[in-house]
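Shown next, in structure tokens, is the structure this report addresses.
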Ligand code: SF4
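Residue numbers (the numbering used here), protein chains in the order written: chain A, 551 to 962; chain B, 426 to 604.
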């Protein structure tokens, strides 16, 4: 019997039989802890293993991205606990200046197609964007992987999604994302590894793939796997300095379900406050007053996303009552904004640009929303209370940018 | 093997005031983030369901050995361990739900707390499980019985889950097994 992408990745890293529903012991190519959860990982390690070394310091990392730099003493203390541990065990730490961990590991070539990585970030399944396996886990789990380099995992069944149609401007990969989420809902991918196929996927660059893969969590899926194309392979080869074989599904792989998503007549989409899967066309909520706009997060914080926003904002100013913020995903993206003159575009448009990180998505790096405030955000979750007391609409960078200019929700 | 693989106890069925099963109970409803600074397990129990409408008095009513039954996607949300430990603290002997949030499920298994998924136990069984009744659950076969009557079949413990449960937690399991 043929194997799906995830089954093939697992089969190369376990001696257990790989079949959906079975639990296997999986060898991990890398394990990470971020500033949320990192200090607890250290506590578990010190309690259980005293000063024992970690399994392999070269495969063990910390990435700080949630509260960067720390803005309260408890966060600062927790980050310092991680730094001390990293120094003592010779473990690499990407500090508060580096950006979102799941992006940093791709940029640094720590993850390539077929790699397995786990960490304390629940959106690590974003690594499906490059055809790698990533997974968020709790503190004990991650402490265990630091020490052993392994974890147990239940092999998920695979759901095959074929997307029909193309994405032409002003549509962006986020609109495709929201369309799928609206169609299959918060449990449409529950417990599955999803695999995506179709012309639009084949043509999509790394940034778009990251956008798409980042919302597997909101669909309930274990991961969304995108078969690597030439661009992805070239990128990962260059970043890692290694030759790379893509892991692709066998022709006779077995899928629990086949799903077709038709985006032929897709319009720019938004999801309404409270639930990421409560998706409507942006035109349907046109005119809703907007107080703040956030461009960034692991879903839409790449250069390509911010270029879309900049191309709309160039030479204009956001509406006088709108507070707009840009948070690049990583230091590298920040550097690109600088070199390409886009910081200038944002500055002239009246936008705050902050240092890289999770920004408006996690705990208030760039402020929270107040009661009654309406925010348009390019992040991936809009649960009540997550980003403050206000109401958050999720959208792609094009919808967010035209809405920032108009001061109300607008469809590009 | 020294821990019981048959667990019997009085059940608490998570329903709303209209008797509908409660789904999507997230970790903030189970254990609110206001109490995250607490690290002593004994203190955690009193906050269980402190943020779940109609269930705030659960800690004062539940007894040692009781079984909790919930709907789908129990424990979605954050990865906080306290959302598992608060039930350990109260002496809950088993947690059954139609399904669990992935990280929640791993946290419970890794800390040796018995949880078992039983799809359809509240939504599809004809309402036969009521708080206060006693059930018996076989962790090895997944069978759930009420007296002589088999009421549902859960997904039995996997080998790994049973191993961790018997060892106490993931760390002790790894010390005594080749992993
Ligand atoms: S941007 Fe948001 S969803 Fe993404 S890793 Fe950061 S906190 Fe998590």
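Quick reminder that beta carbons are idealized off the backbone N, C-alpha and C, glycines included.
Bear in mind that the values here come from a model prediction, so they are computed numbers and not experimental data.
Residues that DSSP places opposite residue i in a beta bridge
i: residue 446 of chain B; result: B:440
i: residue 612 of chain A; result: A:583, A:643
i: residue 843 of chain A; result: A:874, A:926
i: residue 487 of chain B; result: Bridge partners of residue 487 of chain B: none, in fact.
i: residue 702 of chain A; result: A:575
i: residue 685 of chain A; result: A:668
i: residue 958 of chain A; result: A:839
i: residue 434 of chain B; result: B:560
i: residue 569 of chain B; result: B:562, B:577
i: residue 493 of chain B; result: B:437, B:520
i: residue 807 of chain A; result: A:709
Distance between residue j and residue i (C-alpha atoms, nearest Å)
i: residue 559 of chain B; j: residue 487 of chain B; result: 13 Å
i: residue 577 of chain A; j: residue 893 of chain A; result: 42 Å
i: residue 549 of chain B; j: residue 732 of chain A; result: 26 Å
i: residue 762 of chain A; j: residue 650 of chain A; result: 16 Å
i: residue 1009 of chain A; j: residue 500 of chain B; result: Any question about residue 1009 of chain A goes unanswered here, given that chain A covers just 551 to 962.
i: residue 571 of chain A; j: residue 767 of chain A; result: 19 Å
i: residue 939 of chain A; j: residue 663 of chain A; result: 40 Å
i: residue 782 of chain A; j: residue 797 of chain A; result: 12 Å
i: residue 874 of chain A; j: residue 922 of chain A; result: 17 Å
i: residue 447 of chain B; j: residue 453 of chain B; result: 15 Å
i: residue 509 of chain B; j: residue 719 of chain A; result: 47 Å
i: residue 534 of chain A; j: residue 730 of chain A; result: Because chain A here runs from 551 to 962, residue 534 of chain A falls outside it and cannot be looked at.
i: residue 527 of chain B; j: residue 504 of chain B; result: 9 Å
i: residue 692 of chain A; j: residue 705 of chain A; result: 19 Å
i: residue 427 of chain B; j: residue 771 of chain A; result: 36 Å
i: residue 660 of chain A; j: residue 551 of chain A; result: 31 Å
i: residue 583 of chain A; j: residue 574 of chain B; result: 47 Å
i: residue 433 of chain B; j: residue 489 of chain B; result: 12 Å
i: residue 926 of chain A; j: residue 603 of chain A; result: 46 Å
i: residue 656 of chain A; j: residue 853 of chain A; result: 14 Å
i: residue 703 of chain A; j: residue 669 of chain A; result: 14 Å
i: residue 456 of chain B; j: residue 485 of chain B; result: 15 Å
i: residue 914 of chain A; j: residue 941 of chain A; result: 15 Å
i: residue 928 of chain A; j: residue 909 of chain A; result: 11 Å
Three-way DSSP call (helix, strand, coil) for residue i in this model
i: residue 401 of chain B; result: In the structure as shown, chain B begins at 426 and stops at 604. Residue 401 of chain B is therefore absent and cannot be evaluated.
i: residue 740 of chain A; result: coil
i: residue 471 of chain B; result: helix
i: residue 588 of chain B; result: helix
i: residue 523 of chain A; result: Because residue 523 of chain A is not part of the residues shown, which for chain A are 551 to 962, the question remains open.
i: residue 714 of chain A; result: strand
i: residue 452 of chain B; result: helix
i: residue 465 of chain B; result: coil
i: residue 627 of chain A; result: helix
i: residue 660 of chain A; result: coil
i: residue 504 of chain B; result: coil
i: residue 821 of chain A; result: strand
i: residue 758 of chain A; result: helix
i: residue 696 of chain A; result: helix
i: residue 722 of chain A; result: coil
Residue i burial status per 10 Å Cβ neighbour count (16 or more: buried)
i: residue 623 of chain A; result: exposed
i: residue 523 of chain B; result: buried
i: residue 590 of chain B; result: buried
i: residue 724 of chain A; result: buried
i: residue 898 of chain A; result: exposed
i: residue 962 of chain A; result: buried
i: residue 602 of chain B; result: exposed
i: residue 516 of chain B; result: exposed
i: residue 934 of chain A; result: exposed
i: residue 481 of chain B; result: exposed
i: residue 634 of chain A; result: exposed
Heavy atom of the ligand SF4 within 7 Å of residue i beta-carbon
i: residue 912 of chain A; result: yes
i: residue 850 of chain A; result: no
i: residue 673 of chain A; result: yes
i: residue 930 of chain A; result: yes
i: residue 656 of chain A; result: no
i: residue 847 of chain A; result: yes
i: residue 725 of chain A; result: no
i: residue 908 of chain A; result: yes
i: residue 482 of chain B; result: no
i: residue 543 of chain B; result: no
i: residue 453 of chain B; result: no
i: residue 585 of chain A; result: no
i: residue 615 of chain A; result: yes
Residue i Cβ short of 7 Å to the ligand HEM heavy atom set
i: residue 650 of chain A; result: This structure does not include the ligand HEM; its bound ligands are the ligand SF4.
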